[in-house]
Amino acid sequence: MTSEEIVSEISRKNRDALPGLDDCAFLTREQVLDLMDAAAMRGFQFGSNVALSMVQGALLVQLARLGDGESKPSA
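So that you can map any letter, position 48 of the sequence shown is 47 in numbering that gives the first Met the number 0, and since no number is skipped, the others follow by simple counting.
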């Protein structure tokens with residue numbers, strides 16, 4: 000995913016969560032800070048999951064290459 004796609008996904012989730020709060024038009028400073036912390040954590044988790052998927056994919060490619068090399072007879 001591109002950085003723009005990641006930000007868009009997190010932004011959509013944040014906006015979906017906001018209407019669920021009672022009187023969201025009158026949030027206290029503490030509630031705003033809590034929302035910002037939750038958004039930051041979701042961003043971190045999402046980024047970590049994407050990075051982990053990329054590493055796993057790279058490892059699978061390397062394992063596949065090793066497997067192909069071992070199964071072919073050497074000349």
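Note that beta-carbon positions come from the ideal geometry of N, C-alpha and C, so glycine has one too.
TODO: Assess, as a yes-or-no matter, whether the region 3–22 is touched by the region 31–39 under the definition of 3 or more beta carbon pairs within less than 8 Å.
DONE: yes
Open item on the list: Can you tell me whether L17 is helix, strand or coil according to DSSP?
Closed with: Counting from 1 along the sequence shown, the entry for residue 17 is found at position 18. The answer is helix: DSSP assigns L17 an H, G or I state.
- [ ] For L26, name the three-state secondary structure that DSSP assigns.
- [x] Residue 26 sits at position 27 when you count from the first residue of the sequence shown. The answer is coil: DSSP assigns L26 none of H, G, I, E or B.
Task: Other residues of its chain near F45: CB distance less than 8 Å, five sequence neighbours each side excluded - done: Along the sequence shown, read from residue 1 onward, the residue named residue 45 stands at position 46. The residues are I5, E8 and I9.
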